[in-house]
Amino acid sequence: MSPSSYPLEDGIPLNTTAVAIDKDKNSHHAVRWAIDHLVISNPLIILIHVRHKANQGASDSENGETDAQQLFVPYRGYCARKGVQLKEVVLDDPDISKALVDYVHKNCINSFVVGASTRSALARKFKAPDVPTSIIKTAPEFCSVYVISKAKIISARAALRPVANTAMPPRQPSPLGVQSNGQPDSSSEPENGAKMQVAKEGWKSAGTERMLAERNGGGKPAKALTRERPKTSPTNISLENIEVPNRGSRSSFSRDSISDDNMMTAQMAFGSMDATAQSLDFSASSNLSMDSASQSTRELEAEMKRLKLELKQTMDMYSSACKEAISAKNKARELSQWKQDEARKFEEVRLAEEAALAIAEMEKAKCKAAIEAAEAAQKLAEREAQRRKQAEMKARREAEEKKRALNALAQNDVRYRKYTIEEIEESTEKFSEKLKIGEGGYGPVYGGKLDHTAVAIKVLRPDAAQGRKQFQQEVEVLCCIRHPNMVLLLGACPEYGCLVYEYMHNGSLEDRLFRRGNSPPLSWRRRFKIAAEIATALLFLHQAKPEPLVHRDLKPANILLDRNFVSKISDVGLARLVPPSVADQVTQYHLTSAAGTFCYIDPEYQQTGKLTTKSDIYSFGIMLLQIITAKPPMGLAHHVQRAIEKDRFDEMLDPTISDCPLEEATNFAKLALKCAELRKRDRPDLGTVIVPELNRLRDIGRSSDKRESRNHYSRSSASASSSSSKPQSSNEDTRVIYTDEGS
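So for the sequence shown, our numbering puts the first residue at 233; every next one is plus one.
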C-alpha cells in the first residue's frame with residue numbers, strides 16, 4: 233500500500249510527527265527536515281493543509297479540492313523514496329492557526345513542524361502574528377513545535393509534559409511497553425501495599441537516588457525503590473519516559489560542519505541525556521500506603537518535569553554555543569574573503585578610472601572638433617537659407633508675373649489657341665503608337681511637341697457616343713477657369729476633336745500609387761500634399777462663379793502629376809454646372825442618368841439622379857483612402873473601417889511607406905471615411921472641415937521635410953568642407969533648393 237493511502241484504523245500512533253504545508257518553499261524544507269530528524273521509531277508523517285474557508289465560494293469547491301490534491305503530489309514521491317508512510321489531511325477553516333492547534337490536540341501529536349513565515353520583519357511587527365508564532369504560543373504542552381526555514385530551525389518550543397495516558401488512541405501498542413490501562417499484572421499478588429513500576433527497566437541515576445533520599449529524610453537512597461518486582465504489589469502505576477529528539481540535534485550538528493572533537497563531545501552529551509532520561513526506574517515500597525504512594529508519584533512526576541526542562545535547556549544552550557562558534561568561524565572566513573574581494577575590486581576600479589580618464593581626453597578632443605564642425609555647418613546653413621530665401625522671392629515674382637499675364641489674356645477674351653490637324657499629325661508623327669502615353673474613355677492620349685513645348689494631345693474616338701458633347705464641355709470649362717491645380721488647356725482642334733494640354737511628366741496619380749513602370753513610391757509627406765492640393769482645386773470648382781461646377785468623375789486616374797509632383801485635376805468633360813441655390817442649400821439638382829466611374833459614384837446620386845457638390849465629396853473620400861493605402865477601391869471603405877475598429881489600421885497602410893506617423897495617417901483615414909458616408913447629409917463640408925484638416929496634415933509633412941532638409945544640409949556641408957575647399961556656385965544651389973521645394 234502506498235504511503236499516501238496508509239490507513240490509520242487504530243488512530244494516531246505514539247511519537248507521531250505532523251507537518252503543516254502550503255504553497256511556499258519553506259513547507260518543502262519543513263517536510264525534509266522532519267523526515268531527516270524526527271521520523272525515527274515510527275516511519276509515518278502526517279501532512280496537514282488548511283484551506284481558507286472564508287475566501288472559498290461554492291463555485292470554487294471543486295477547484296479547491298483539485299488544488300489541495302495537487303499540493304501533496306511532490307511529497308508523495310519524496311516520502312516513497314525515504315521509505316516513510318504518508319497521511320494527507322485537508323482542513324477547512326478560516327483560522328489556520330486554530331485549525332492546526334485543534335488537530336494537534338485532538339490527535340495527540342508529539343512533534344509538530346511548520347515552515348517559517350515569508351513575511352518581512354516589519355510586516356510581522358505591525359500586522360497580526362503569523363501562523364508559526366501563533367502555533368508556538370497556543371500549542372498543547374505535550375507537543376514540541378519546530379519552525380523551519382531553509383532546512384534550519386529558527387524557532388522551537390519543547391514539550392512541557394508527556395501525552396496523558398487517557399489521550400492515547402486505543403489499540404495502539406506503546407513503543408516502550410508501558411501499561412496504559414491501569415490493570416494489575418497477572419503475576420502479581422493482591423496485597424494492601426502499592427508499588428510503582430517504570431515500563432522499561434534500566435539504569436538508576438545518582439541524581440534520582442539523592443532526590444529520593446532527601447525525600448525520605450535521610451542521607452541514603454530509598455530502599456523501597458528497587459529494580460526487582462515485589463511480589464506483594466496489588467497494582468501497577470506506569471510513568472512516562474523522558475523523550476529528547478537527540479537524532480535531530482545530531483543531524484543538525486553534522487550539517488553545520490562541526491569539527492571532530494565537537495562531534496564526539498555532542499554525541500557523548502546526547503548519549504548521557506538519553507541514558508538519564510530513560511534510566512529513571514523507581515519502585516514504590518510495599519509498606520507505603522496508597523496515599524503516600526500517590527503523593528510520592530506526584531512529587532516524582534514534578535521532579536521528572538524539572539529534570540527534563542533542565543536537560544532540554546542544557547541541550548539548547550550547547551546547540552546555541554556550537555552554532556555561534558560555527559557562525560563566528562564562517563563570519564571570519566567571509567570577512568577575509570570580503571577583504572580580498574574589496575582589494576581586487578579597488579584595483580579594478582583604479583585601472584578602470586585610468587582608462588576612463590584616457591577615453592575622456594579622447595572624447596574631449598572629438599567634442600572640440602565636432603563643435604568646430606557644427607559652427608562651420610551652421611554658417612554654411614545660414615548662407616544656404618539666405619540663398620533659398622532669394623530663390624523663393626524670385627519664384628514668387630515669376631508666379632505673380634505669370635498670373636498677371638494670364639489675367640491679361642483672359643481680359644483680352646482669348647479663349648484658346650486653335651491648332652490645325654496638320655500640326656497635330658506632325659506633333660504625334662501621324663498618331664504613332666510609340667508616342668501613345670495613355671488610353672481613356674474619351675479616347676487615346678499621345679505625347680508630342682507643339683511650339684517647342686512638350687504637350688499631351690487627347691484625341692476624340694470617332695465611335696464615342698457622348699464624345700463631341702464632352703469635348704465641348706471640357707473646352708468651355710477649361711477656357712473659363714484657371715487654377716494651379718487644374719490641368720492647363722493650351723489649345724484644341726475643334727474639327728477633329730483634339731485637345732492639347734500641358735505635358736505632365738509623372739503621369740497619373742493612379743500610376744504612381746500602384747508603381748506602374750517600376751516607379752519609386754510616393755512618400756507620406758507628398759501624399760498629404762497631393763490630397764490638400766486636390767481638395768483646394770475641388771473647392772475652387774465648387775465655388776466657381778456664376779455657377780458652381782461638379783466634376784462627377786473624380787478618381788486617381790484623372791489626377792495628373794507634373795515633374796515636381798504638383799497634382800492637377802483633369803478630364804472635366806463630365807462636369808456639370810449646378811445652380812448656386814443647389815450648391816449652397818439642401819435642394820438637389822435632378823439628372824435623368826448618373827455619370828462617372830463605378831466605385832467612385834455617389835450612392836445617392838446613382839439611385840436618385842440628384843446631384844449636389846456633396847456628390848464629389850464621396851468620390852474624393854474613396855480617393856483619399858486609396859492615397860493612404862494604395863489598394864483598389866472595391867470595398868475599401870469597409871475594410872478600413874474594420875481595421876480602425878480593431879486597432880489594426882497599420883496593416884492597411886501602403887507597405888512602401890516606411891516612416892509614416894500612425895496618428896496622422898489614422899486621422900487622414902477617419903476624415904476619408906466621413907467623406908465616404910452613404911448619406912450626403914453625413915459628409916463634412918469641403919471648405920470648413922476637409923480643406924483645413926488636409927492643410928494641417930500637409931503642414932506637418934512640410935515641417936518634417938524641413939527638419940530632414942536641415943539635417944541633410946548639415947551632413948552635406950560637413951562632407952563638402954572635408955572633401956573639397958571649393959564651394960558650389962550660387963546658381964547650382966538655387967536650382968537644387970528650388971527643385972526640392974517644388975517636389
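Note that beta-carbon positions come from the ideal geometry of N, C-alpha and C, so glycine has one too.
Give the secondary structure of residue i by DSSP, where H, G and I count as helix, E and B as strand, and everything else as coil.
i	result
ILE204	It is not possible to answer for residue 204, since the shown part of the chain is limited to 233 through 975.
GLY675	coil
TYR310	helix
GLY296	helix
THR370	helix
ARG389	strand
LEU868	helix
LEU905	helix
PHE344	strand
SER483	Since pLDDT at SER483 reaches only 38, below the 50 mark, its modelled position is unreliable, and the value read off the structure follows with that caveat. SER483 falls in the helix class under three-state DSSP.
GLN317	strand
ALA763	helix
LEU793	strand
ALA564	helix
ALA231	Past the edges of the chain, shown from 233 to 975, lies residue 231, and the structure says nothing about it.
SER526	helix
LYS571	helix
LYS842	strand
LEU910	coil
SER551	helix
ASN247	coil
SER740	strand
SER751	coil
SER936	helix
GLU661	coil
LEU885	coil
PHE830	coil
ALA862	coil
ASN424	Because the pLDDT at ASN424 is just 35, under 50, the model does not fix this residue reliably, and the value given afterwards should be weighed accordingly. Here ASN424 sits in coil by DSSP.
CYS599	helix
PRO193	The structure shown does not extend to residue 193, since the chain spans only 233 to 975, so no value can be given for it.
For residue i, does the count of other Cβ atoms within 10 angstroms reach 16, so buried, or fall short, so exposed?
i	result
HIS737	exposed
SER799	buried
ILE854	buried
GLY933	buried
CYS712	exposed
PRO788	buried
SER559	exposed
ILE591	exposed
ALA553	exposed
PHE830	exposed
TRP756	buried
CYS907	buried
GLU556	exposed
GLN545	exposed
ARG744	buried
VAL814	Reliability fails at VAL814, whose pLDDT of 46 lies under 50, so the model's placement of it is uncertain and no value is given.
LEU773	buried
ASN963	The predicted model places ASN963 with a pLDDT of 34, which falls under 50 and marks its position as unreliable, so this point remains unresolved.
ARG313	exposed
Give the DSSP bridge partners of residue i, in chain order.
i	result
ALA724	LYS650, LEU731
HIS281	VAL322
SER381	LYS384
MET718	ILE801
GLY670	VAL677
LEU276	GLN317
VAL921	Answer is none; VAL921 lacks a bridge partner.
VAL691	CYS730
GLU376	According to the sequence provided, residue 376 is Ser. The question's Glu does not apply to it. DSSP, once it has assigned bridges, lists SER343 as partnering SER376.
So, under 8 Å CB-CB, residue i and residue j are touching, yes? Tell me the CB distance rounded to an integer number of Å.
i	j	result
ALA897	LEU885	6 Å
LEU857	VAL872	6 Å
SER259	ILE253	4 Å
LYS846	ARG915	5 Å
ASN342	VAL263	That belief does not hold up - the Cβ atoms of ASN342 and VAL263 are roughly 17 Å apart, past 8 Å.
LEU682	GLU655	6 Å
LEU918	LEU770	7 Å
TYR728	ILE653	5 Å
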